[in-house]
Amino acid sequence: MASFLGQMIVSLLPLLIFLGLYIGFFIWGRFANKKIKEQRLDDVLTALELYNDNYVRKDPNDRQIELRLQLKDEFQVKSASAWIILLPRTSFPTMFVDKLFFKNKDSFGLAANFHHKPRVVFELIPYKLKSAIRRDFDYLIELDDINTKDEEINNKFLIKSNKPQVIGQFIRSKSFMNILRKYHNEIQWLSVRTDSPHFEMKFNFPKENIDLLQLVKFCFLSLKFFGKVTESTKNQPIPVIIPPKKLTEKEKAKREKERQKEKERIIKEQKKKREKEKKEMKKKKNQNLNQNQKTKTSAKKKTKK
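Residue numbering for the sequence shown is 1 to 305, as defined by the UniProt record's numbering.
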């Protein structure tokens with residue numbers, strides 16, 4: 001009986017270790033995200049001080065914070081909100097794959113609606129975000145390409161508008177060029193559209209708070225500029241452009257399922273790769289041992305002679 005129980009415990013040991021690690025990472029992830037979430041919020045509120053008078057906080061889940069903002073009067077907006085989204089730290093494999101392959105990080109976003117629908121639309125998307133470009137391809141193809149004087153920026157960002165001449169001042173500004181050069185890895189997109197939200201910008205949290213201040217400042221400079229452009233062009237016709245496709249809940253669930261499958265596939269491939277490397281190392285070690293044994297045997301024979 002004792003022997004049977006011993007064998008059973010040994011056979012279940014890998015599962016017990018896995019469950020222990022999973023529960024441990026889950027508990028650690030919950031505490032880590034809670035701490036990081038409050039720290040991120042403090043950093044964001046500090047960065048927003050110059051532009052915002054008041055806010056209302058909402059937490060949809062343990063990884064997200066939404067802020068309903070009351071911006072200062074200089075910003076010609078009807079409504080504005082900001083959000084913070086953290087990585088899912090409760091699952092170590094998911095977090096590892098996210099950071100290693102999908103390069104996901106904690107992110108910040110700002111969205112706003114103007115008093116009138118924008119007559120001048122604008123898109124700034126890094127070429128590395130191929131999925132976003134593919135998703136909105138029919139919409140983007142109707143807009144004019146914009147090139148800056150910096151070829152490096154042109155190679156890293158897709159920049160489009162229906163009226164490039166109107167936003168020339170913004171594109172040529174030093175602040176615009178410097179931000180794109182310095183934070184090309186952090187910026188995810190900057191979008192001005194006729195549908196809600198009219199203005200949206202999203203970027204990954206940088207390592208240093210000074211960089212967060214710079215990116216938030218650029219967000220509000222962009223918002224202010226496009227607010228003025230929208231106000232000055234409000235009497236012009238609303239541009240007729242194919243709207244970007246909005247995913248249904250079913251399509252979103254399908255996409256999330258596909259993404260999860262892709263993550264699982266990568267985890268399995270990584271596991272197979274590690275097992276293969278272990279086998280190769282073991283094989284190489286055995287070959288070295290055999291070679292050493294042969295060398296010793298050969299040396300002994302020579303000594304006897």
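Even for Gly, the Cβ is constructed at its ideal location relative to N, Cα and C.
Looking at the DSSP output, K202 shares a beta bridge with G109, W189. Per DSSP, reduced to three states, the secondary structure at R63 is coil, with no helix or strand assignment.
DSSP places K282 within a helical segment (H, G or I) once states are collapsed to three. Using a Cβ distance threshold of 8 Å, K117 and T233 do not count as a contacting pair.
Here V166 has V120, V229 as same chain residues with Cβ atoms under 7 Å from its own Cβ, once five neighbours each way along the sequence are excluded.
Taken atom to atom, the span from the alpha-carbon of K37 to that of L87 is near 10 Å.
The C-alpha of E142 is placed about 7 Å away from the C-alpha of I241. In the structure shown, L223 falls within a helical segment according to DSSP collapsed to helix, strand and coil. For T46 and G227, the gap between their C-alpha atoms comes out near 23 Å. The straight-line gap separating the alpha-carbon atoms of K279 and N290 is approximately 16 Å. Taking one beta carbon from each stretch, the region 213-227 and the region 63-76 have 3 or more pairs nearer than 8 Å; the two touch.
Between the region 129-137 and the region 103-112, the count of Cβ pairs shorter than 8 Å is below three; the stretches do not touch. Within the region 135-159, the complete alpha helix (DSSP H) runs of at least 4 residues fall at 137-140, 151-156.
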